[in-house]
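First up is the structure itself, then whatever we jot down about it.
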Amino acid sequence: MPVRRNGRKPRVAVFKFASCDGCQLSLLDAEEELLAVADAIDIAFFPEASRRMLKGPYDIGIVEGSITTPHDVEHIREIRKSCGALITIGACATAGGIQALRNWKDIKEFVRIVYASPEHISTLDRSLPIGSFVHVDFELRGCPINKYELIEVINAFLHKRKPNVHTHSVCIDCKLKGNVCVMVAHGTPCLGPVTQSGCGAICPSFDRGCYGCYGPMESPNTPVLARQFSELGETQHDISLAFRGFNAYAEAFRRESEAHEK
Amino acid sequence: MNRTSKLEANNLQQLFTALQDKGYVTVGPTLRDEAIVYDRIGSANELPVGWSDEQSPANYRLTKRSDDSYFGFNATPQSWKKFLYPPLRKLFTMRRDGKSLELSNESDANIKYAFVGVRPCELSAILIQDKVFQSGEYRDDAYSAARRDLFIVAVNCTTAGGTCFCSSMKTGPEAQKDFDISLTEVFRDGAHFFVVKIGSELGASIMELVETGAASAEEIETTDAMLRQTESQMNKTMETDGLPRLLAENLEHPHWEDVAKRCLTCGNCTMVCPTCFCSTVEDITDLSGQNAERLRRWDSCFTVDFSKVAGGNFRISTKSRYRQWLTHKLSSWVEQFGVSGCVGCGRCITWCPVGIDLTAEVQAIRGAETQQRKGD
């Protein structure tokens, strides 16, 4: 049985920081499983889904988005205190997201160009993952996350077991599916060998190279893959851009993209 | 019935029909995603007629042949392993009923496969997996059931791929035994036919349903010459003399570090290997906690989880993972199963995204040792 405190269902809260909302919406997108999810947990705080907003503490906090402002920093610390377990979801929350591209630029200059009154803008100079500020119990990768993996993680926390979320390469998923390798057979550059499993190898299944949406896999040897990209005819700029996607600021991808910058 | 006969190429469909009439699901090579893959096919027309491939480390390209050959290509991206030993398999489901647990074993309806186009190296690989799954203390009943009903049409290799080294591993290019029938495809003086050998009584009974003629001594000699030519085309070699000992005595060789620098730990080599058999099990519960199931899925010694045990992980480094794979395949496998775990199909070389070539890695270790000995 799911862990219940004082005979009540575990209370779950969903929070959002800098992000597009796509990941938290995957919970609502669970369709067939949604009733079972609603049956197993008490969704106490999920502004995107319900006006019912119960105060903490919560048993499980699910956090989407990256930390980009001083206010975010305070807010995530409060959230951490109010949640038993903290699960971060998506590339923003686990790596800083696409908005981390600003981490290589001068944020003040952006603010000056974009806003009429820049003095009202209070922002950090970098977009960073939740784990840079508070302890995170589980990071679920992806841009967006896979809804089945999200349900699996919630399920695992409810039953106090290990989530069946794999950290190996996308290649293994391709092989389990019987995909023909797009890099070897078609010469298409693919980040699959250095990217974490989770999406079900969607892009290679449709003859595209992996874009690295799930971030670096458990032991990413990015320099070797970059060298192979180069042999396939990719320029240094192409290689830098390939690693500078949704997970650009994840350590292994960040280093590799910088290594090929002009 | 004559043990060797001749089947005209345009009668090949009769073999498919005969197998299907006997209740077999026919599986064979076919074109898909710019490659030749093994899949369920209904007729000879679905074979990759007139196609071949070029293979080198980290490179595979389809090529057009100048003839209408049915089997004029080399090793496919994946082997037959996926049919006998599926990548994912549900082992059992469990249901909580009050205080008791109800367990039901999954027994999938067994599929009676006929593999059409098993290469000699692949046949050896199937025999190796037979030892893995059907001998010793731990046996796989589902594998045994699939294997028991399997009909094997072996096809001898009249062309060698760029990463093949079956002649080094003594597994090809001709299948000697353990098939139901074997075919060698021949183009000779404008004629296109197969020389058929019967390997089992079952094979003989199927061939009775197929129109064949007598193969002349000359025609048989032609196939022998073709197979000798394939052997001479073989691009790669692996010296197997004393190989298990060589690797076992060189576990701290500096070359392992060198490979580790180039290895992606992506696991492709183990997935495409026709003998690699490692799996993991995963327990899944439903949200209510009333139902659970156990799944088995292919695993790889290149994943971190593979060597994670209570208290830590005994193979963190890439070096230790690559070394584990290669020394198991070529050295400790022999101790464990009495044969090498490598059949020389070359898949791990072609499908490694960065083209790591185990024959070259072995040679590097052997070369260094030979030099060292000379220096002594």
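Protein chains in written order, with the numbering used here: chain A, 148 to 409; chain B, 79 to 454. Yeah, the Cβ is synthetic: ideal placement off N, Cα and C, and Gly gets one too.
If you ignore the 5 residues before and after F257/A, its C-beta comes within less than 8 Å of the C-beta of R249, all in its own chain and listed in chain order. Cβ-Cβ separation between L205/B and D256/B: approximately 6 Å, consistent with a contact (criterion under 8 Å). Counting only Cβ-Cβ distances below 8 Å, R308/A has contacts in chain B at D361 and T363, in chain order.
Counting C-beta pairs closer than 8 Å gives three or more between the stretch 230 to 249 of chain B and the stretch 306 to 317 of chain B, which meets the contact rule.
Under DSSP, Y116/B takes part in a beta bridge, and its partners are P107/B. F170/B sits exposed, since fewer than 16 C-beta atoms from the chains shown fall within 10 Å of its C-beta. Between the stretch 372 to 384 of chain B and the stretch 333 to 353 of chain A there are fewer than three C-beta pairs closer than 8 Å, too few to call the two in contact. One Cα belongs to K386/B, the other to R393/B, and the distance between them is close to 8 Å.
In this structure, P198/B is the residue among P198/B, R225/B and Q254/B with its C-alpha nearest to the C-alpha of T237/B. Under the Cβ distance rule, Q375/A counts among the residues neighbouring chain B, one pair being separated by less than 8 Å.
Residues are counted here when their Cβ sits less than 8 Å from a Cβ of chain A; for the stretch 324 to 345 of chain B these are K339, R340, C341, L342, T343, C344 and G345, given in chain order.
The CB of D354/A comes closer than 9 Å to the CB of D111 and E112 in chain B, given here in chain order. Here K252/A is exposed, its C-beta having fewer than 16 other C-beta atoms within 10 Å.
For H222/A, the enclosing alpha helix (DSSP H) starts and ends at P217 to S229.
At a cut-off of 8 Å, the C-beta of Y163/B has no neighbouring C-beta in chain A. With a 10 Å radius around the Cβ and a threshold of 16 neighbouring Cβ atoms, M285/B comes out buried. With 16 or more other CB atoms across the displayed protein chains lying within 10 angstroms of its CB, Q343/A is buried.
When the beta-carbon positions are compared, L305/B and E263/B stay at least 8 Å from each other. Interface with chain A (8 Å Cβ-Cβ cutoff): K386/B is excluded. Under the DSSP assignment, Q133/B falls in the beta strand (DSSP E) whose first and last residues are W129 to S134. Between the stretch 366 to 383 of chain A and the stretch 325 to 341 of chain A there are three or more inter-stretch CB-CB distances shorter than 8 Å, so the stretches are counted as touching. Shown here, L275/A sits in a strand according to DSSP, grouped into three states.
Beta-bridge annotation (DSSP): F170/B is paired with N183/B and R372/B. For the C-beta of W429/B, the chain A residues within less than 7 Å are, from N- to C-terminus, C328 and V331. For L261/B, the enclosing beta strand (DSSP E) has its first and last residue at I259 to R266. Look at the stretch 99 to 129 of chain B: the residues with a C-beta under 8 Å from a C-beta of chain A are R110, D111, E112, A113 and V115. If you check the CB distance, V274/B and S83/B come in under 8 Å. The count of Cβ pairs closer than 8 Å, one atom from the stretch 178 to 187 of chain B and one from the stretch 143 to 152 of chain B, stays below three, leaving the stretches out of contact.
With fewer than 16 other Cβ atoms inside 10 Å of its own Cβ, L182/A counts as exposed.
For the C-beta of V350/B, the chain A residues within less than 8 Å are, from N- to C-terminus, K322.
If only uninterrupted alpha helix (DSSP H) runs of at least 4 residues are considered, those enclosed by the stretch 263 to 326 of chain A are 294 to 305 and 317 to 324. Taking the C-beta atoms as reference points, G445/B is found no nearer than 8 Å to A136/B.
Beta-bridge partners of I236/A (DSSP): E211/A and L287/A.
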